[in-house]
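Enquirer:
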Amino acid sequence: MRILILGAGVVGVSSAWHLLKDGHDVTVIDRALPAQGGASFGNAGLIAPGHSFAWASPKALKVLLKSFYRQDQAFRMRFPPDLQLLDWGLRFLSQCNNTAARTNTLAKHRLCLYSQKILQQMVEETGIAYEKRTGGLLYLHRNKDSLEAGSANMKILEEDGLPLEIVDPDRAAEIDPCLKKVRHRIAGGIFIPGDESGDSRLFTEGLTRACEKMGGKFIFGPVIRSIEADQNQVERVVTHQGDFEADLYLLCLGCWSPQLTKPIGVNLPVYPVKGYSITFPIKNEEEAPRLGGVDEDHLLAYAPMGKRLRLTSYAEFAGYDTRHQPQDFTLMTQHAKSLFPEACDYTQPSYWAGLRPMTPEGYPIFGTGKHHNLYYNTGHGHMGWTMSCGSAKIIADLVASRKPEFDISAMGVR
Ligand SMILES: Cc1cc2nc3c(=O)[nH]c(=O)nc-3n(C[C@H](O)[C@H](O)[C@H](O)COP(=O)(O)OP(=O)(O)OC[C@H]3O[C@@H](n4cnc5c(N)ncnc54)[C@H](O)[C@@H]3O)c2cc1C
Numbered sequence: 056m057r058i059l060i061l062g063a064g065v066v067g068v069s070s071a072w073h074l075l076k077d078g079h080d081v082t083v084i085d086r087a088l089p090a091q092g093g094a095s096f097g098n099a100g101l102i103a104p105g106h107s108f109a110w111a112s113p114k115a116l117k118v119l120l121k122s123f124y125r126q127d128q129a130f131r132m133r134f135p136p137d138l139q140l141l142d143w144g145l146r147f148l149s150q151c152n153n154t155a156a157r158t159n160t161l162a163k164h165r166l167c168l169y170s171q172k173i174l175q176q177m178v179e180e181t182g183i184a185y186e187k188r189t190g191g192l193l194y195l196h197r198n199k200d201s202l203e204a205g206s207a208n209m210k211i212l213e214e215d216g217l218p219l220e221i222v223d224p225d226r227a228a229e230i231d232p233c234l235k236k237v238r239h240r241i242a243g244g245i246f247i248p249g250d251e252s253g254d255s256r257l258f259t260e261g262l263t264r265a266c267e268k269m270g271g272k273f274i275f276g277p278v279i280r281s282i283e284a285d286q287n288q289v290e291r292v293v294t295h296q297g298d299f300e301a302d303l304y305l306l307c308l309g310c311w312s313p314q315l316t317k318p319i320g321v322n323l324p325v326y327p328v329k330g331y332s333i334t335f336p337i338k339n340e341e342e343a344p345r346l347g348g349v350d351e352d353h354l355l356a357y358a359p360m361g362k363r364l365r366l367t368s369y370a371e372f373a374g375y376d377t378r379h380q381p382q383d384f385t386l387m388t389q390h391a392k393s394l395f396p397e398a399c400d401y402t403q404p405s406y407w408a409g410l411r412p413m414t415p416e417g418y419p420i421f422g423t424g425k426h427h428n429l430y431y432n433t434g435h436g437h438m439g440w441t442m443s444c445g446s447a448k449i450i451a452d453l454v455a456s457r458k459p460e461f462d463i464s465a466m467g468v469r
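Structure (structure tokens):
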């Protein structure tokens, strides 16, 4: 079958790989080079089933209210909110109860674990190098109260089968010796030995090459202007470099997905949630983290990527604006210095900001809607790198009319 994939982020390219393996004739189009145009470029790199909590919870309401009067919060909202955010926000609020939070967290957790398994299989098969670090992630807490709350929170994942260890500062420093000198700055943490990290941009670039070897075609440059469809079938995709036709279309446009589907009558609940990312060269291997993790009290995720240390933070509801200024990164850098004071050359930052394609529930959208030949694999939110490979396998299964190994009954077009 001729399949046209819209979007060459980690989700689109992973989908291409699984569809090529099934023998399809696959073309991927994107306005940018693989992983360069969206969130897959500069994310924190964490493959983190241990961080698969749904954002929508009763706690989220308190965090949101606090963000109205505190500027130093990791969650921020720009006023006035746009219409897309109002619509999305109402759906998000409907998920801010204990029952939905539990259901959504478990769904995300299982998809993350499944996806990690598929990632490992793909890496074994392709040999892609992407600054992979296995051996676990550390979720650090700065004070006793937050450690207690964090440990209680983890119960849901532990009961769902995730191995973990609650650690004191000494044990944390044993796991990652870079913490030895700053033990006094943490109360402890949660160690998830199965979590890992790696650079999703490098992975996507490597996978693009693997796809090309299998006959996949990649066209970079065309800006998709519209999808032309009648009531139940897509006819073509219109770009500024001409039209593209296929038997089946797969939408992997991350947070830009709703912009292209709205004109054809499909309202996808995906909102761009901006995050900031800063990368420093590592100057002292001994003092740099061996493993990635999260400074939970500052919501600062970090991961060593070869000779670089990547840090990301903030969830800003500000539309599609990805602009950033050096001062946006001041607090993040301070927190990084307090944990890893001698690790990096902090005078050589690389700044970036990207948009997480968030659904209110936090899990992605799979399958078809009213157009029988338009498939969706979008809305992976803050865990899209972790969920990408499994999501791609699920889509290939759906296209082949195979039952996915993983239950996606709640994850259709909604
Ligand atoms: C700061 C930050 C930190 C994160 N940390 C993590 C993490 O640690 N672990 C994790 O699992 N996930 C993380 N994520 C989430 C993860 O990065 C995303 O969920 C994932 O990259 C989404 O991949 P995607 O392929 O769906 O979208 P994208 O990578 O955004 O790709 C979408 C593509 O669509 C293309 N496109 C859009 N519109 C058009 C158009 N009109 N014409 C042509 N092309 C178009 C873009 O160029 C882009 O290439 C983080 C995200 C951010 C922003």
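Per my numbering, the sequence shown starts with residue 56, numbered consecutively.
Don't be surprised by glycine CBs; every beta carbon is placed ideally from N, CA and C.
#1: Can you tell me whether M269 is buried or exposed? The criterion is at least 16 other CB atoms within 10 Å of its CB, across all chains shown.
#2: When you compare each of I60, E251, K117 and P336 to T441 by their alpha carbons, which one comes out closest?
#3: Ignoring anything shorter than 4 residues, give me the alpha helix (DSSP H) runs that lie fully in the region 303 to 337, in order along the chain.
#4: How should S69 be labelled, buried or exposed, when 16 other C-beta atoms within 10 angstroms of its C-beta is the threshold for buried?
#5: Alpha carbon to alpha carbon, how far is G348 from L119?
#6: Buried or exposed: which applies to H196, given that a residue is buried once 16 or more other Cβ atoms fall within 10 Å of its Cβ?
#7: I'd like to check one pair, S405 with I333: are the Cβ atoms closer than 8 Å?
#8: Measure the C-alpha to C-alpha separation of G62 and K114 and round it to an integer number of angstroms.
#9: Using 10 angstroms around the beta-carbon of N432, count the other beta-carbons present and answer buried if the total reaches 16, otherwise exposed.
#10: Measure the alpha-carbon distance for G330 versus K117 and round it to whole angstroms.
#11: With a threshold of 8 Å, are at least 3 pairs of Cβ atoms found where one atom belongs to the region 222 to 235 and the other to the region 252 to 259?
#12: Please identify the residue among L161, C307, K425 and A301 whose C-alpha is closest to the C-alpha of H79.
#13: Within the region 343 to 403, note down every full beta strand (DSSP E) run reaching 3 residues or more, in order along the chain.
#14: Taking 7 Å as the line, does the beta carbon of I60 fall inside it for any heavy atom of ligand 1?
#15: Below 7 Å, is the gap between the Cβ of M387 and the nearest heavy atom of ligand 1?
#16: G422 bridges to which residues according to DSSP?
#17: Enumerate, from N- to C-terminal direction, the unbroken beta strand (DSSP E) stretches of 3 or more residues contained entirely within the region 183 to 228.
#18: Between N339 and the rest of its own chain, which residues show a CB-CB distance below 7 Å, the 5 nearest in sequence each way excluded?
#19: DSSP state of P277, grouped into three classes?
#20: To the nearest whole angstrom, what separates the beta carbons of G309 and G64, a pair I think is in contact under 8 Å?
#21: Would you be able to state if there are at least three C-beta pairs under 8 Å between the region 239 to 250 and the region 176 to 196?
#22: Does W110 come out as helix, strand or coil in the three-state DSSP assignment?
#23: Who are the near neighbours of T82 in its chain, counting only those whose CB is closer than 6 Å to its CB and skipping five residues on each side?
#24: Can you give the Cα-Cα distance for G424 and T367, rounded to whole angstroms?
#25: Based on Cα-Cα distance, which residue from L262, A373 and Y401 lies nearest to T385?
#26: In chain order, which alpha helix (DSSP H) runs of at least 4 residues are fully inside the region 129 to 173?
#27: Give the DSSP-derived three-state secondary structure of S456 in the structure shown.
#28: Could you name the residues that DSSP lists as bridge partners for P104?
#29: Return the CA-CA distance between Q288 and T414, expressed in angstroms with no decimal places.
#30: Grouping DSSP H, G and I as helix and E and B as strand, with all else coil, what is G67?
#31: By the DSSP assignment, the beta strand (DSSP E) with L59 in it spans what residues?
#32: On a CA-only basis, which of G422, L355 and T181 is nearest Q389? Give me that one, please.
#33: Determine, using beta-carbon pairs with one atom in the region 444 to 463 and one in the region 364 to 383, whether at least three such pairs fall under 8 Å.
#34: So is R86 buried or exposed if we call it buried at 16+ other beta carbons inside 10 Å?
#35: Taking only heavy atoms of ligand 1 into account, decide whether any of them is closer than 7 Å to the Cβ of R411.
#36: Please report the Cβ distance between W72 and A265, rounded to the nearest whole angstrom; I am assuming they are in contact, meaning their Cβ atoms lie under 8 Å.
Expert: If we stick to the structure as given:
#1: Position 214 of the sequence shown, counting from 1, holds the residue named residue 269. A residue is called buried once 16 or more other Cβ atoms fall within 10 Å of its Cβ, and M269, having fewer, is exposed.
#2: Taking the sequence shown and counting its residues from 1, the one referred to as residue 441 is at position 386. Of the candidates I60, E251, K117 and P336, the one whose C-alpha sits nearest the C-alpha of T441 is E251.
#3: Counting whole runs of 4 or more residues, the region 303 to 337 contains the alpha helix (DSSP H) stretches 312 to 316.
#4: Position 14 of the sequence shown holds residue 69. Under this definition S69 is a buried residue.
#5: Counting from 1 along the sequence shown, the entry for residue 348 is found at position 293. Counting from 1 along the sequence shown, the entry for residue 119 is found at position 64. When rounded, the distance between both Cα atoms is 24 Å.
#6: The count along the sequence shown starts at 1 and reaches residue 196 at position 141. A residue is called buried when at least 16 other Cβ atoms come within 10 angstroms of its Cβ; H196 meets this threshold and is buried.
#7: Here the question's residue 333 lines up with position 278 in the sequence shown. Here the question's residue 405 lines up with position 350 in the sequence shown. Contact: yes.
#8: In the sequence shown, residue 62 corresponds to position 7, counting from 1. In the sequence shown, residue 114 corresponds to position 59, counting from 1. Going from the Cα of G62 to the Cα of K114 covers about 34 Å.
#9: Walking along the sequence shown from the start, residue 432 turns up at place 377. By the 10 Å Cβ count, N432 comes out buried.
#10: Against the sequence shown, residue 330 aligns to sequence position 275. Against the sequence shown, residue 117 aligns to sequence position 62. Going by C-alpha positions, G330 is about 20 Å away from K117.
#11: With contact defined as three or more Cβ pairs closer than 8 Å, the region 222 to 235 and the region 252 to 259 are not in contact.
#12: For the purposes of this step, residue 79 is identified with residue 24 of the sequence shown, where counting begins at 1. Distances from the CA of H79 to each of L161, C307, K425 and A301 were compared; the closest alpha carbon is that of A301.
#13: For the region 343 to 403, whole beta strand (DSSP E) runs of length 3 or above, ordered along the chain, are 348 to 350, 355 to 360 and 363 to 372.
#14: Here residue 60 corresponds to residue number 5 of the sequence shown, with the count starting at 1. Ligand 1 never approaches I60 closely enough for any of its heavy atoms to be under 7 Å from the residue's Cβ.
#15: By 1-based counting over the sequence shown, the position of residue 387 is 332. False, no ligand heavy atom lies under 7 Å from that Cβ.
#16: Locating residue 422 in the sequence shown gives position 367, counting from the first residue. BP columns for G422 point to Y431.
#17: With a minimum length of 3 residues, the continuous beta strand (DSSP E) runs that stay inside the region 183 to 228 are 192 to 196 and 220 to 222.
#18: Taking the sequence shown and counting its residues from 1, the one referred to as residue 339 is at position 284. If we look at N339 and ignore the five residues flanking it on each side, its Cβ neighbours are E397 and A398.
#19: The sequence position of residue 277 within the sequence shown is 222, counting from 1. Here P277 sits in coil by DSSP.
#20: On the sequence shown, position 254 is the one that residue 309 refers to. On the sequence shown, position 9 is the one that residue 64 refers to. Yes, they are in contact, since the Cβ atoms of G309 and G64 sit about 5 Å apart, within 8 Å.
#21: Yes, the region 176 to 196 touches the region 239 to 250.
#22: Translated into the one-based positions of the sequence shown, residue 110 becomes position 55. In this structure, W110 counts as coil in the three-state DSSP scheme.
#23: For the purposes of this step, residue 82 is taken as residue 27 along the sequence shown, with counting starting at 1. Non-local beta-carbon contacts of T82 in its own chain, meaning distances under 6 Å to residues more than five positions away in sequence, involve L59 and K272 in chain order.
#24: Here residue 424 corresponds to residue number 369 of the sequence shown, with the count starting at 1. Here residue 367 corresponds to residue number 312 of the sequence shown, with the count starting at 1. Rounded to the nearest angstrom, the two C-alpha atoms are 34 Å apart.
#25: As a first step, residue 385 must be located in the sequence shown, where it is residue number 330. Distances from the alpha-carbon of T385 to those of L262, A373 and Y401 put Y401 closest.
#26: Within the region 129 to 173, the runs of alpha helix (DSSP H) that reach at least 4 residues and sit entirely inside it are, in chain order, 138 to 149.
#27: For the purposes of this step, residue 456 is taken as residue 401 along the sequence shown, with counting starting at 1. Reduced to three states, the DSSP call for S456 is coil.
#28: Here residue 104 corresponds to residue number 49 of the sequence shown, with the count starting at 1. For P104, which the question treats as bridged, DSSP gives no partner whatsoever.
#29: Residue numbering aside, residue 288 sits at position 233 when the sequence shown is read from its first letter. Residue numbering aside, residue 414 sits at position 359 when the sequence shown is read from its first letter. Whole-angstrom Cα-Cα distance: 25 Å.
#30: If you number the sequence shown from 1, residue 67 lands on position 12. For G67, the three-state secondary structure derived from DSSP is helix.
#31: Taking the first residue of the sequence shown as 1, we reach residue 59 at position 4. For L59, the enclosing beta strand (DSSP E) has its first and last residue at R57 to L61.
#32: Working through the sequence shown from its first residue, we reach residue 389 at position 334. It is L355.
#33: No, they do not touch.
#34: For this step, residue 86 is matched to residue 31 along the sequence shown. Its Cβ being crowded by 16 or more others within 10 Å, R86 is buried.
#35: By 1-based counting over the sequence shown, the position of residue 411 is 356. For R411, the shortest C-beta to heavy atom distance toward ligand 1 is below 7 Å.
#36: Locating residue 72 in the sequence shown gives position 17, counting from the first residue. Locating residue 265 in the sequence shown gives position 210, counting from the first residue. That belief holds up - the Cβ atoms of W72 and A265 are roughly 7 Å apart, short of 8 Å.
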